[in-house]
Amino acid sequence: MSDLKLCRAMDRYNDEQRRFMIEDQVIVINEVDEPLSSSTKWDAHQVSNPSLHRAFSILLIDENNELLLQKRACFKPTFPNLWTNTCCSHPLTPNEVNGLQGVQDACIRKLYHELGVPTETFSPADFKLSTKVLYMSPDETTGLNLCEYELDYIVVCRCTRSEVTVESNDNEVSDVRWITLADLVQEFTDVPETFTPWFSILVEHFLEDIMDKCKNSLDIVNDGVIHNFLPKKE
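The numbers in numbering that gives the first Met the number 0 rise by one with no breaks, and the one at position 69 of the sequence shown is 68.
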């Protein structure tokens with residue numbers, strides 16, 4: 000694990016990020032979302048030989064149909080300093096392996112860890128699966144030779160803004176803001192390079208439908224599809 004010394008700063012934040020990369024065990028899967036094994040986050044994200052693993056992206060949408068965005072901290076090993084959806088992370092072994100239930104449990108854990116949202120704010124059932132996205136995106140910005148290769152559960156949670164207490168973890172998040180779909184689309188059109196690759200997929204292909212359903216109080220229903228955005232093989 001000596002390569003982890005490539006992290007930019009040797010302060011307590013990066014010490015914590017290195018610990019997560021070494022100790023956290025992600026769920027290695029195949030392209031139809033069947034668990035195969037586990038791997039450290041560090042090994043699973045190596046650009047030379049990445050392991051497909053399960054991930055999730057939370058979309059927290061309030062009563063005004065505004066979406067909570069976060070800006071990833073400069074200490075993040077992949078895609079630092081970029082805007083993205085409310086929270087994005089991984090269910091971990093051994094306690095979060097059980098499909099959607101594991102993802103829902105992980106959503107509560109990570110909302111607290113990254114944004115300080117108290118664990119009692121939501122129940123697991125509040126996180127509704129909309130779809131799944133399969134993608135790969137090497138990160139060429141940090142010099143760490145890491146790559147995201149994920150099957151991403153897109154989960155939607157509706158809320159009342161006043162019930163959501165946000166106290167961001169500076170090691171994970173540098174800024175947060177609520178945004179309308181119209182303003183987000185305009186910003187994405189103007190400066191797409193300021194958003195993470197997985198969130199860019201959501202903005203381009205799924206977010207309008209999801210937020211339209213929320214606006215019209217329609218149920219978020221799993222479409223049962225794994226949408227494949229992997230590079231086409233030559």
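Glycine is no exception: its CB is placed at the ideal position from the N, C-alpha and C atoms.
Residue interval of the beta strand (DSSP E) (run including residue i)
{"i": "residue 138", "result": "127–138"}
{"i": "residue 59", "result": "52–60"}
{"i": "residue 86", "result": "86–88"}
{"i": "residue 67", "result": "66–71"}
{"i": "residue 225", "result": "225–227"}
{"i": "residue 28", "result": "24–28"}
9 angstroms Cβ cutoff met for residue i and residue j
{"i": "residue 196", "j": "residue 78", "result": "yes"}
{"i": "residue 154", "j": "residue 91", "result": "no"}
{"i": "residue 73", "j": "residue 198", "result": "no"}
{"i": "residue 96", "j": "residue 137", "result": "no"}
{"i": "residue 93", "j": "residue 143", "result": "no"}
{"i": "residue 216", "j": "residue 71", "result": "no"}
{"i": "residue 219", "j": "residue 131", "result": "no"}
{"i": "residue 113", "j": "residue 185", "result": "no"}
{"i": "residue 180", "j": "residue 64", "result": "yes"}
{"i": "residue 202", "j": "residue 67", "result": "no"}
Residue environment, residue i, which counts as buried when at least 16 other CB atoms sit within 10 Å
{"i": "residue 189", "result": "exposed"}
{"i": "residue 44", "result": "buried"}
{"i": "residue 129", "result": "buried"}
{"i": "residue 22", "result": "exposed"}
{"i": "residue 29", "result": "exposed"}
{"i": "residue 6", "result": "Legend: pLDDT at residue 6 = 45, less than 50; position of this residue unreliable, value from coordinates given subsequently. Classification of residue 6: buried, given that the 10 Å Cβ count is 16 or more."}
{"i": "residue 231", "result": "exposed"}
{"i": "residue 83", "result": "buried"}
{"i": "residue 139", "result": "exposed"}
{"i": "residue 9", "result": "For residue 9, the pLDDT reaches just 34, beneath the cut-off of 50, and the residue's location in the model is therefore unreliable, leaving the point undetermined."}
Enclosing alpha helix (DSSP H) for residue i [first to last residue]
{"i": "residue 213", "result": "206–214"}
{"i": "residue 179", "result": "Taken as a continuous stretch (DSSP letters only), residue 179 belongs to no alpha helix (DSSP H), as it is neither H nor E."}
{"i": "residue 157", "result": "Counting along the chain, residue 157 falls outside any alpha helix (DSSP H), though it belongs to the beta strand (DSSP E) covering 145–157."}
{"i": "residue 234", "result": "It is not possible to answer for residue 234, since the shown part of the chain is limited to 0 through 233."}
{"i": "residue 40", "result": "40–43"}
When the options are compared against residue i, the one with the closest alpha-carbon
{"i": "residue 99", "options": "71, 152, 134 and 115", "result": "152"}
{"i": "residue 134", "options": "49, 15 and 40", "result": "49"}
{"i": "residue 150", "options": "112, 184, 53 and 35", "result": "53"}
{"i": "residue 187", "options": "206, 131, 174 and 175", "result": "206"}
{"i": "residue 124", "options": "116, 106, 117 and 85", "result": "106"}
{"i": "residue 37", "options": "18, 14, 89 and 67", "result": "89"}
{"i": "residue 46", "options": "183, 40, 111 and 146", "result": "146"}
{"i": "residue 148", "options": "228, 162 and 17", "result": "228"}
{"i": "residue 194", "options": "85, 117, 19 and 17", "result": "85"}
If contact is defined by three or more beta carbon pairs under 8 angstroms, each pair taking one atom from either stretch, is the stretch 47–64 in contact with the stretch 158–166?
yes
Check whether the stretch 211–220 touches the stretch 161–177, counting contact only when three or more Cβ pairs, one atom from each stretch, lie closer than 8 angstroms.
no
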